[in-house]
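I have placed the structure first, in the form of structure tokens, so that the comments after it can refer back to it.
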Amino acid sequence: MKNVIQYTLSAKDPAAHLFEVTLVVSAPDPQGQVFSLPAWIPGSYMIREFARNIVRIEAEHGGARLPLRKLDKHTWQAAPCRSKLVVRYEVYAWDLSVRAAHLDQTHGFFNGTSVFLRVHGAEQLPHVVDLRRPDGDAYKTWRVATALPELKAKRYGFGTYVAGDYDELIDHPVEMGTFALATFSAHGVAHDIVITGRVPNLDMTRLCTDLKKICEAQIALFEPKTRRAPMQRYLFMTLAVGDGYGGLEHRASTALICSRADLPVKGRKEMSDGYRTYLGLCSHEYFHTWNVKRIKPAVFAPYALDREAYTPLLWLFEGLTSYYDDLMLVRSGVIAEADYFKLVAKNINMVLRGSGRTKQSVAESSFDAWTKYYRQDENAPNAIVSYYTKGSLIGLALDLTIRVETRGKRSLDDAMRLLWQRYGRDFYEGGARGVSDAEAEAVFEEVAGVKLKRFFDRYVRGTEDPPLAKLLQPFGVDWRDERKNAKPDLGVRTRREGGDCKLANVYEGGPAHRAGLSAGDVLVAVDGLRVTASNLDVLLGRYASGDTVELHAFRRDELMRFEVELQLDAAPKVVLTPQPKPATAARLRAAWLGSAEKAR
Ligand code: ZN
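In the numbering used here, the protein residues as written are 109 to 708.
Take a look at the structure:
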């Protein structure tokens, strides 16, 4: 192939966690070729400066060393040359997350943003990658999982893969090792599930059965007539660890990390909380295939990866995706209606817990994701709101509003489809353009058939709580606040630290806050009785609201004494219960929670 950007990536020294990359540029910029590594990875809105993991880099031209000059923290420029330029570098890969790269003797994983230097000016050329197996017998059984199209490689094999441009290259993470693999078809498209890590008696058949239902429901939501998925194939790759949770979306795959205990066990049919959480995560990342990987905010089309890309719309791209992730579980029949309402209530209680929601709107939270949501400190519940959790409540409120305003004829599904048709469907087929805030709002109004400016002013640009109790009424869902049955509480979240009970968050206005306690304080005693990592609730359980207790705590190893007047927990404990009657409400609810097919 002429004029392509070529990389060879080898897992050179797994024990030292080093990938070696060779980059060949056949027609470099004669002024001096510039290269850089992204500062962030799409989907995770924080500056991570991946170039800090490049431990050695050198350039070569015509068999001789070519000087490389560093321009800034992630950019290099080679001395001018007019033909084949080779750059060799090593990347330290020991970040056990879905956002970077990880390599040891058991497996390798990387995102292109961590390992592939961008050749400035050549981003639109095809990019070819030769993936090399590590040397040694121990690696003979390793395979490769990626949604990158093969050029000269068997599926799941080492060899050459190709991407149409740099943007595509870095949007297909790669897993290598001896993973468990299973395949299912969803509306005619092959979906692979790859699980890395030791998981005894893993039930891959159940994973396939459940994910197939979820994927087919989502494909049908966006393309009810054609049932056409937007990708040629799809890959769910999961790293199972002792304790972990996270996911990152890509155009034809997702990289996930989960706790081993969350994955299903052969022969056990129950739906555990952990497995439900894992399916919700899969559903979330899969929904992004449409919402954010193709329907995108204008500022992500294209991504500028050398600096922050500010948008007030993450409530739409993350929040509405969070609304749909659990909704698709109930619609596809993977979880029961009663379980769905438990998940919604849990989310409502989480949002209502923090006073930060009265200070920051979800539009502001989206915009400041880089410095606030992604860099939370102990004061976060009192200072910020999550565009995920409150965003999902806005999705719920919008959906119910549209359904009521149109007498059940339309829903948020229609708005998602309209966004899809206008901005998403041909994104990678020459129609790349993003959605502006005004355009997004116009789509919701068009579908609802009413003005929604007040809605957006109050709940999206403003800090009011959406009126969910009222909105749920026509759907026969009873909203009850069971706070009055709750026990008195300090208004804190604690964290176990060794055998100690440490305050992780102190909620503004709560008993602990008013008594002067602070996040980081280590609780020692309540009324002279020792507090351990696990007995605080038991100790407080003997008191009533209005009682004053003496509390001892260490701050910077200094013993401090506080008098705390206990109160009922200030945060609501909402319980949602669907009612069988009246029939009209039950019908509206069935149309909302039934599958796309059933509702049609
Ligand atoms: Zn997401």
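For every residue, glycine included, the Cβ atom is placed at its ideal position computed from N, Cα and C.
Identified DSSP bridge partners for residue i
i, result
"W184", "F143 and K178"
"F670", "L659"
"C323", "Paired residues: none, contrary to the question."
"F330", "Paired residue(s): none; F330 is not in a bridge."
"S152", "I149"
"I165", "Y197"
"T133", "Checking the sequence shown, residue 133 turns out to be Val, not Thr. I113 and L193, per the DSSP bridge assignment."
"P596", "L676"
"I303", "A288 and T346"
"H215", "G285"
"S56", "A query on residue 56 cannot be resolved here, the shown segment of the chain reaching from 109 to 708 and no further."
"R604", "C609"
"A230", "Beta-bridge pairing links A230 to no other residue."
"D645", "D645 pairs with nothing; no bridge assigned."
Residue i versus residue j - alpha carbon distance
i, j, result
"Y197", "R173", "13 Å"
"C366", "Y383", "10 Å"
"M622", "K480", "Correcting the residue identity first, residue 622 is Arg in this sequence and not Met. Looking at the two C-alpha atoms, the distance is approximately 25 Å."
"D203", "E168", "29 Å"
"L644", "G272", "58 Å"
"F224", "A446", "47 Å"
"R530", "P138", "41 Å"
"L193", "P136", "7 Å"
"K578", "W587", "9 Å"
"I510", "T429", "17 Å"
"E378", "A288", "22 Å"
"D311", "K374", "5 Å"
"R263", "I301", "14 Å"
"L389", "A290", "18 Å"
"G140", "S191", "11 Å"
"L580", "L421", "25 Å"
"V558", "E513", "8 Å"
"W478", "G355", "18 Å"
"T130", "T249", "24 Å"
"T304", "V282", "12 Å"
"A678", "Y615", "9 Å"
"G599", "R650", "17 Å"
"G606", "V400", "41 Å"
"Y115", "L387", "35 Å"
"P234", "G220", "14 Å"
"S703", "L259", "Bear in mind that a pLDDT of 43 at S703, under 50, signals an unreliable position, so the number given afterwards is only what the model happens to contain. Their Cα atoms are separated by approximately 39 Å."
"G171", "V195", "12 Å"
"R525", "L329", "8 Å"
"R663", "F564", "43 Å"
"A337", "K517", "25 Å"
"L371", "A348", "8 Å"
"V307", "K320", "21 Å"
"V493", "E572", "11 Å"
"A159", "V206", "17 Å"
Local Cβ density within 10 Å of residue i, reported as buried at 16 or more and exposed below that
i, result
"Q468", "buried"
"V163", "exposed"
"E705", "Its pLDDT being 42, under 50, E705 is placed unreliably in this model, and the coordinates cannot settle the point."
"R439", "buried"
"R708", "Annotation note: pLDDT 36 at R708 (below 50); position unreliable, coordinate value reported separately. With fewer than 16 Cβ atoms within 10 Å of its Cβ, R708 is classed as exposed."
"P574", "buried"
"P146", "buried"
"L637", "exposed"
"A546", "exposed"
"D245", "exposed"
"L667", "exposed"
"A762", "Nothing about residue 762 can be reported from this structure: the residues present for the chain run from 109 to 708 only."
"G618", "buried"
"A412", "exposed"
"Y418", "exposed"
Boundaries (first-last residue) of the beta strand (DSSP E) holding residue i
i, result
"L193", "L193 to Y200"
"P686", "V682 to P686"
"S361", "S361 to S367"
"T254", "R251 to T254"
"E276", "Looking at the DSSP string, E276 is not in any beta strand (DSSP E); the run it does join, the alpha helix (DSSP H), is Y274 to L277."
Alpha helix (DSSP H) segment containing residue i, residue limits
i, result
"F475", "V470 to F475"
"N613", "Unbroken run through N613 is the beta strand (DSSP E), D608 to V614; no alpha helix (DSSP H)."
"T509", "T497 to E513"
"T692", "A691 to L701"
"L520", "L520 to L527"
Contact test: residue i Cβ vs ligand 3 heavy atom, cutoff 6 Å
i, result
"T429", "Summarising the ligand content, the structure contains ligand 1 and does not contain ligand 3."
Segments of 4+ residues assigned as alpha helix (DSSP H) that fall wholly inside the region 390-467: 428-439 and 445-461
Completely contained alpha helix (DSSP H) runs for the region 529-580, where each covers 4 or more residues: 545-556 and 576-580
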